[in-house]
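For the sequence shown, numbering that gives the first Met the number 0 assigns the number 0 to the initial residue and increments by one for each residue that follows. Below is one structure, written out as structure tokens; the observations come after it.
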Amino acid sequence: MALLLHDGALVPVTTLAGAGLSRVTYGLRPAQQGTVRGALLVGSIVTLLAAPLVRAKQVLQPGGPGTGVNNTILQDDCAGSLGLIWLLLAATALVAVAAVELYARRSRVRNTRP
Numbered sequence: 000m001a002l003l004l005h006d007g008a009l010v011p012v013t014t015l016a017g018a019g020l021s022r023v024t025y026g027l028r029p030a031q032q033g034t035v036r037g038a039l040l041v042g043s044i045v046t047l048l049a050a051p052l053v054r055a056k057q058v059l060q061p062g063g064p065g066t067g068v069n070n071t072i073l074q075d076d077c078a079g080s081l082g083l084i085w086l087l088l089a090a091t092a093l094v095a096v097a098a099v100e101l102y103a104r105r106s107r108v109r110n111t112r113p
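Written out as structure tokens, the structure reads:
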């Protein structure tokens with residue numbers, strides 16, 4: 000079953016995602032492409048880990064007093080936290096890509112001076 004899931008679903012999805020990402024990051028330097036890919040990889044792993052919590056939060060919503068649901072389980076807003084993590088990852092990747100570009104421009108100017 001695991002082999003079927005891996006070869007039948009995960010490999011094609013990641014191959015297509017990698018090809019699409021190569022098209023999107025075409026004009027970037029290799030360090031910048033690695034930064035974008037790394038941020039997407041971390042975000043995907045965090046999403047895979049948080050997805051069961053988000054789903055459990057949806058299923059275990061308290062329906063009011065007397066419903067018999069334990070209100071102390073999953074008190075945090077998992078979907079909001081996941082969105083915040085993606086926002087922070089995007090901002091960090093953007094700053095890193097801009098920093099690499101700035102460094103490359105400065106080193107290019109430094110090398111052209113006599």
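The beta-carbon is built from N, C-alpha and C at its ideal position, and this holds for glycine as well.
- Taking the alpha carbon of residue 46 as the point to measure from, which residue in 102, 35, 85 has its own alpha carbon closest? 85
- Query: What is the rounded straight-line gap between the Cα of residue 54 and the Cα of residue 83?
  - Reply: 17 Å
- Could you name the residues of the same chain whose beta carbon sits closer than 8 Å to that of residue 96, not counting the 5 residues immediately before and after it, in chain order? 27, 31, 34, 35
- Item | Boundaries (first-last residue) of the alpha helix (DSSP H) holding residue 32 | 29-58
- Query: In angstroms, rounded to a whole number, what distance separates the CA positions of residue 48 and residue 93?
  - Reply: 24 Å
- Task: Give every residue of the same chain whose Cβ lies closer than 6 Å to the Cβ of residue 89, excluding the five residues on either side of it in the sequence, and list them in chain order.
- Result: none
- How long is the line joining the alpha carbons of residue 29 and residue 58, rounded to whole angstroms? Rounded to whole angstroms, the gap between the alpha carbons of residue 29 and residue 58 is 43 Å.
- Helix, strand or coil for residue 17, going by three-state DSSP, please let me know. helix
- Message: Within the continuous alpha helix (DSSP H) that includes residue 8, where are the two ends?
- Response: Note, residue 8: premise wrong, no alpha helix (DSSP H); not H, not E.
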